[in-house]
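For the sequence shown, full-length UniProt numbering begins at 1 and goes up steadily by one. Beta carbons are placed, not taken as given, at the ideal position from N, Cα and C, and that holds for glycine. For clarity, every value in this text was computed on a predicted model and none was experimentally measured. One structure is given below, encoded as structure tokens.
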Amino acid sequence: MPPQGQTTTSSWVLYENDATSEDKSVTQVPPSAEDRKWIIVWRNVILMAVLHIGGLYGAYLFLTKAMWTTCFFAVFLYICSGLGITAGAHRLWAHKSYKARLPLRILLTLFNTIAFQDSVIDWARDHRMHHKYSETDADPHNATRGFFFSHVGWLLVRKHPEIKNKGHTIDMSDLWADPVLRFQKKNYLLLMPLCCFVLPTMIPTLWGESLWNAYFVCALFRYTYVLNVTWLVNSAAHKWGDKPYDKDINPVETRPVSLVVLGEGFHNYHHTFPWDYKTAELGHYSLNLSKLFIDTMSLLGMAYDLKTVSRDVIEKRVKRTGDGSHYLWGWDDKDVPAADKDGAVIINPDKTE
Ligand SMILES: [Zn+2]
Ligand SMILES: [Zn+2]
Numbered sequence: 001m002p003p004q005g006q007t008t009t010s011s012w013v014l015y016e017n018d019a020t021s022e023d024k025s026v027t028q029v030p031p032s033a034e035d036r037k038w039i040i041v042w043r044n045v046i047l048m049a050v051l052h053i054g055g056l057y058g059a060y061l062f063l064t065k066a067m068w069t070t071c072f073f074a075v076f077l078y079i080c081s082g083l084g085i086t087a088g089a090h091r092l093w094a095h096k097s098y099k100a101r102l103p104l105r106i107l108l109t110l111f112n113t114i115a116f117q118d119s120v121i122d123w124a125r126d127h128r129m130h131h132k133y134s135e136t137d138a139d140p141h142n143a144t145r146g147f148f149f150s151h152v153g154w155l156l157v158r159k160h161p162e163i164k165n166k167g168h169t170i171d172m173s174d175l176w177a178d179p180v181l182r183f184q185k186k187n188y189l190l191l192m193p194l195c196c197f198v199l200p201t202m203i204p205t206l207w208g209e210s211l212w213n214a215y216f217v218c219a220l221f222r223y224t225y226v227l228n229v230t231w232l233v234n235s236a237a238h239k240w241g242d243k244p245y246d247k248d249i250n251p252v253e254t255r256p257v258s259l260v261v262l263g264e265g266f267h268n269y270h271h272t273f274p275w276d277y278k279t280a281e282l283g284h285y286s287l288n289l290s291k292l293f294i295d296t297m298s299l300l301g302m303a304y305d306l307k308t309v310s311r312d313v314i315e316k317r318v319k320r321t322g323d324g325s326h327y328l329w330g331w332d333d334k335d336v337p338a339a340d341k342d343g344a345v346i347i348n349p350d351k352t353e
């Protein structure tokens, strides 16, 4: 366990290249944005390419050859591992938007290990960097470097030196204090292969599925799928959509992303109010399965101290910094007097001379 406040900058530990002495000399001079170097880590590129080819083949087997029980199990693993990221690493641990009793923390750590997106402590550290230094070189998946970089490219190149320079500013002592998370981190190289690949391949043989189908469908396809939908929050949800809460930041509201990543696509709201356990203002269950999960756990007494934002605070923020697209306090609000709308100036770039 490192001393309080100490952080490492390793991410996706199995993929990451080790820091070299060459790195250290680079970090001595804080670079400007123009100095960005795309030092490709070919080992990561090859691993990611092979994984995605296997994942695509698994998708083919999922659609054509696998038993329906195997397909059902793959979807079940997608939901569980997804919750391990959204309700676990993200809402519980990175943002502390609610508290969880020991059995729930163990369950979410198991789910998180099935997802193989590195240990909770490493994931949460990267995510806290993402919020604190959003859209700068110290943001691990800085969306200003383009869709591809923020989606997967950041895992294929050497980290920007600013991530190392600013890493020490992120306090992770709260998560290091949790014995469940310390156990996961310490035993990750044993637990991760077991939870993400070995058990998902073995379990379907109980109902007669072949090892081949089980491996490609429940391990590779399911894993690759969950990776990509998670990455959409960093890429698409920082690019295409409305900004009802804060028009001056890049994150947007996107329902399609919310649907596939269990409620994490309300990203303009989330970056404006990151401590809300719903990560959304409304959070209908169909688009926010993670909220349904946390609410259910709360009913069972496993989750408590759920934090959210008052309607009054949201309304003030929408009116002060929103882009006018809010369903209630935006342009379509039925309560806005017609006279006010008559006085509105509408700028249409296509029609300006
Ligand atoms: Zn974000
Ligand atoms: Zn977040």
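Taking the alpha-carbon positions, what's the Gly-241 to Glu-253 distance?
Annotation: Gly-241 to Glu-253 spans about 5 Å, alpha carbon to alpha carbon.
Determine which residues share a DSSP beta bridge with Lys-37 and list them.
Beta-bridge annotation (DSSP): Lys-37 is not paired with any residue.
Anticipated Cβ contact below 8 Å, Phe-116 with Cys-218, distance rounded:
Not a contact, Cβ separation roughly 13 Å.
Buried or exposed by the 16-neighbour rule on C-beta atoms within 10 Å, applied to Lys-291
Buried is the call here.
CB contact flag (His-151, Ser-235, <7 Å):
In contact: His-151 and Ser-235 (Cβ atoms closer than 7 Å).
Are the CB atoms of Thr-308 and Asp-276 within a distance shorter than 7 Å?
Taking the C-beta atoms as reference points, Thr-308 is found nearer than 7 Å to Asp-276.
Alpha-carbon spacing of Arg-128 relative to Ile-85, whole angstroms:
Near 14 Å, if we compare the C-alpha coordinates of Ile-85 and Arg-128.
Under 7 Å between C-beta atoms of Asn-44 and Leu-156:
The beta carbons of Asn-44 and Leu-156 sit closer together than 7 Å.
Going by C-alpha distance, which of Trp-212, Leu-199, Lys-239, His-267 is nearest Ala-66?
Of all alpha-carbon atoms in Trp-212, Leu-199, Lys-239, His-267, the one lying nearest the alpha-carbon of Ala-66 is that of Trp-212.
Closest by C-alpha distance to Asp-107, when choosing among Ala-280, Met-297, Met-172:
Before going on, a small fix: residue 107 reads as Leu here, not Asp. Checked all of Ala-280, Met-297, Met-172; the closest Cα to Leu-107 is Met-297.
With DSSP as the reference, please indicate the residues paired to Asp-242 in a beta bridge.
Asp-242 is bridged by DSSP to Glu-253.
Going by the CB atoms, is the gap between Ala-100 and Val-120 shorter than 7 Å?
Cβ distance not < 7 Å, so Val-120 and Ala-100 don't count as in contact.
Which one or two residues does DSSP pair with Tyr-304 in a beta bridge?
Lys-99, per the DSSP bridge assignment.
Tell me whether Tyr-245 is buried or exposed, calling it buried when 16 or more other Cβ atoms sit within 10 Å of its Cβ.
Tyr-245 comes out buried.
Quick one: using the 10 Å Cβ neighbour count with 16 as the cut-off for buried, is Ser-25 buried or exposed?
Note on Ser-25: pLDDT 38, under 50, position unreliable in the model; the coordinate value appears next. By the Cβ-count criterion, Ser-25 is exposed, with fewer than 16 other Cβ atoms from all chains shown falling within 10 Å of its own Cβ.
Do Ile-314 and Glu-264 have their C-beta atoms closer together than 7 Å?
No, these two residues do not count as a Cβ contact at 7 Å.
Compute the distance between the beta-carbons of Thr-109 and Val-41, then report whether it is under 7 Å.
The answer is no: Cβ separation not under 7 Å.
Simplified DSSP state of Phe-197, which is helix, strand or coil:
DSSP places Phe-197 in helix when its eight states are reduced to three.
Would you kindly report the start and end of the unbroken alpha helix (DSSP H) that includes His-130?
120-132 is the extent of the alpha helix (DSSP H) around His-130.
Gly-324 to His-141, Cα distance in whole Å?
Approximately 28 Å, taken between the alpha carbons.
Is the beta carbon of Pro-274 within less than 6 Å of some heavy atom of ligand 2?
A heavy atom of ligand 2 is found nearer than 6 Å to the CB of Pro-274.
Are there 16 or more other CB atoms within 10 angstroms of the CB of Val-75, so buried, or fewer, so exposed?
So Val-75 ends up on the exposed side.
Start-end ranges of the alpha helix (DSSP H) lying completely within the stretch 44-68, minimum 4 residues
With a minimum length of 4 residues, no continuous alpha helix (DSSP H) run stays inside the stretch 44-68.
For Phe-221, three-class secondary structure by DSSP:
If DSSP states are grouped into helix, strand and coil, Phe-221 belongs with the helices.
With 16 as the cutoff for other CB atoms within 10 Å, does Arg-91 come out buried or exposed?
By the 10 Å Cβ count, Arg-91 comes out buried.
Own chain residues within Cβ distance below 8 Å of Ile-79, not counting five before or after:
Here the set comprises Leu-262, Leu-289.
Jot down the residue ranges of each uninterrupted alpha helix (DSSP H) in the stretch 139-215, minimum 4 residues, whole runs only, in chain order.
Taking only runs of at least 4 residues, the alpha helix (DSSP H) segments lying wholly in the stretch 139-215 are 147-151, 161-167, 173-176, 179-186, 188-193, 199-202, 211-214.
With 16 other CB atoms within 10 Å as the buried threshold, where does Val-226 fall?
Classification for Val-226: buried.
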